[in-house]
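What follows is a set of notes on a single structure, which appears directly below.
In this note's numbering, the protein residues as written are 1 to 379.
Next up, the structure:
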C-alpha cells in the first residue's frame, strides 16, 4: 500500500501510468478515494480496473474530460454514481459488475451511456439502477451484455420497474438475461449476429402466460443469425392466427437454441417460430420438453410444415432426452418432415436407466424418415 501511495504522490511518475488494476485488496476507503482522485486528475491513464467490496461514494469527479481512457472496468457492492458532465471521448470498453448504478440526470440525452461515441463493448453484469428508463445510445457499440441480479436478490422486496431504450445500429452481439422490463424501445439491429435472451420472472412455471412485451423484444431481433432463447421466454411469445402479418420474417436466422424446457404440442409456439425462420439450418433443444399427452403427429398437418424443414434444416440436437410421449412425437415429426436433414443427435437424460434407453432406441429406429441420408447419433 505504501508503494502505491508513494508512486501516485510523485507527479511526474503518475503521468506515466497507463494502466491501474485493483483487485480485492484489503484497503481503507480513504486510500481508494485518494488513489482514484490522483489517477483521474491525470491525462495519461488508458485502462482502469477496480474490483473491491467498497468504493468511494463519488468515485468519479463531477466534471472533466478523460481523453486517454479506453477501458473502464468496475466491480463493487457499493453504489456507483455515473457522472453526466464527464466526457469519455475514447472509451471503447466499459464493464460494470455487481453494483447499483446511480444516474444524476433523468434527461436521457445526458445520461452516462448516451455520451460514449466510440464505445464498442458494454457489460452490465449483476447490476441494477435507480432510474425509470435506461438509455444506451452508442453508434459504435458492437457487444452489449446485460445480466441482472439473481432471483434471490429480490426475494425480500419488489423487482424494480424500468424501461430499456437501446440505439446501437452496429450491434453484433446481444446478451440479455435479466428480469423483464416494463417496455423495450429497440431500434433495428441490422448487423446483429448473436443474441442470447432470457427475460426472467420470479417463480416462473410452464406453460407461461403470453406477454406482449417479450414478444415486442424478440420481434426487434429479426435480423439475427444465431439465437439462444430460454424456454420461458419462448413460451411467452404471442403468435396470432395472421402470423405473417404480425411477425417479421427471420430470414437471416440459421441457428436456434432453446436453452431450457419448452412445450412442443401445447400451443405450437416452436412450430410458429420455425414458420417465420425459413432458412434455419440447426436447432438445439438443450433441456428437453415439458411433457404433455398429445397425438402422435403433435397436431401438425402438411400445410403447416415450416419451409426450413423442407429445404434447409440439416442438424437437430435433443439433450436431456427422456423418451416420454412428447419427446418421441417431436423426433418423429422432425424425421418425417425434415427432407434434407443430415444428422440428429439425441443425448439421454442421465437419470434414465439403460434398459429404458434401449427401449426408446428401438422405437426411434422404426420412425419413417423424410431424408434417407440422415444419421441418428444416440449418446
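Heads up, the beta-carbon is just placed ideally off N, CA and C, and yes, glycines get one too.
Since the structure is predicted, the reported quantities are computational estimates derived from the model, not experimental observations.
Taking residue i as the reference, give the member of the options with the closest Cα.
i, options, result
"residue 230", "358, 289 and 337", "289"
"residue 244", "263, 304, 66 and 68", "304"
"residue 235", "253, 215, 227 and 242", "215"
"residue 273", "228, 375 and 135", "228"
"residue 360", "258, 347 and 254", "347"
"residue 164", "146, 328 and 275", "146"
"residue 103", "95, 114, 352 and 161", "114"
"residue 168", "121, 22 and 323", "121"
"residue 316", "50, 88 and 344", "344"
"residue 308", "282, 193, 324 and 364", "282"
"residue 171", "131, 187, 177 and 143", "143"
"residue 94", "48, 334 and 100", "48"
"residue 224", "238, 277 and 328", "277"
"residue 336", "284, 355 and 310", "310"
"residue 192", "237, 375, 252 and 377", "252"
"residue 188", "132, 242, 177 and 248", "248"
"residue 211", "285, 226, 358 and 238", "238"
"residue 135", "186, 323 and 126", "186"
"residue 380", "258, 217, 218 and 275", "There is no way to answer for residue 380, as the model of the chain reaches only from 1 to 379."
"residue 352", "334, 126, 319 and 375", "319"
"residue 80", "92, 87, 88 and 50", "50"
What are the start and end residues of the alpha helix (DSSP H) that includes residue i?
i, result
"residue 258", "Not the alpha helix (DSSP H): residue 258 falls in the beta strand (DSSP E), residues 255 to 258."
"residue 308", "307 to 311"
"residue 274", "269 to 275"
"residue 362", "354 to 365"
"residue 217", "212 to 219"
"residue 333", "325 to 337"
"residue 244", "243 to 246"
Should residue i go down as buried or exposed, given a rule of 16 or more other Cβ atoms within 10 Å for buried?
i, result
"residue 137", "buried"
"residue 67", "exposed"
"residue 326", "buried"
"residue 129", "buried"
"residue 233", "buried"
"residue 18", "exposed"
"residue 246", "exposed"
"residue 83", "buried"
"residue 306", "buried"
"residue 220", "buried"
"residue 263", "buried"
"residue 96", "buried"
"residue 256", "buried"
"residue 379", "exposed"
"residue 218", "buried"
Quick one: give me the first and last residue of the beta strand (DSSP E) that residue i is part of.
i, result
"residue 317", "315 to 321"
"residue 80", "79 to 82"
"residue 282", "282 to 285"
"residue 344", "343 to 348"
"residue 403", "Outside the shown range of the chain, which is 1 to 379, sits residue 403, and nothing can be said about it."
"residue 196", "194 to 200"
"residue 101", "100 to 103"
"residue 231", "Careful: residue 231 lies outside any beta strand (DSSP E), inside the alpha helix (DSSP H) at 231 to 236."
"residue 18", "Note, residue 18: premise wrong, no beta strand (DSSP E); not H, not E."
"residue 96", "93 to 97"
"residue 262", "Element bounds for residue 262: n/a, residue is neither H nor E."
"residue 289", "Unbroken run through residue 289: none, as it is neither H nor E."
"residue 419", "Since the first residue of the chain shown is 1 and the last is 379, residue 419 is not available in this structure."
"residue 370", "Premise fails: residue 370 is in no beta strand (DSSP E) and is neither H nor E."
"residue 72", "71 to 75"
Rounded to the nearest angstrom, what separates residue i and residue j at their Cα positions?
i, j, result
"residue 339", "residue 287", "25 Å"
"residue 90", "residue 166", "20 Å"
"residue 312", "residue 270", "17 Å"
"residue 366", "residue 140", "53 Å"
"residue 69", "residue 183", "33 Å"
"residue 123", "residue 148", "11 Å"
"residue 181", "residue 162", "6 Å"
"residue 382", "residue 44", "Lying outside 1 to 379, the shown extent of the chain, residue 382 is not represented and no answer is given."
"residue 76", "residue 174", "24 Å"
"residue 349", "residue 260", "14 Å"
"residue 280", "residue 201", "28 Å"
"residue 46", "residue 71", "6 Å"
"residue 179", "residue 197", "11 Å"
"residue 190", "residue 254", "16 Å"
"residue 368", "residue 194", "34 Å"
"residue 372", "residue 364", "15 Å"
"residue 112", "residue 119", "12 Å"
"residue 100", "residue 332", "49 Å"
"residue 20", "residue 117", "23 Å"
"residue 131", "residue 323", "48 Å"
"residue 342", "residue 376", "9 Å"
"residue 383", "residue 127", "Since the displayed the chain opens at 1 and closes at 379, residue 383 lies outside it and no answer follows."
"residue 330", "residue 291", "11 Å"
"residue 355", "residue 328", "17 Å"
Is there a Cβ from chain C that is less than 8 Å from the Cβ of residue i?
i, result
"residue 366", "Any reference to chain C falls outside this structure, which holds one protein chain only."
Runs of beta strand (DSSP E) lying entirely within the region 111 to 179, each at least 3 residues, in chain order: 121 to 125, 133 to 137, 143 to 147, 163 to 167 and 173 to 179
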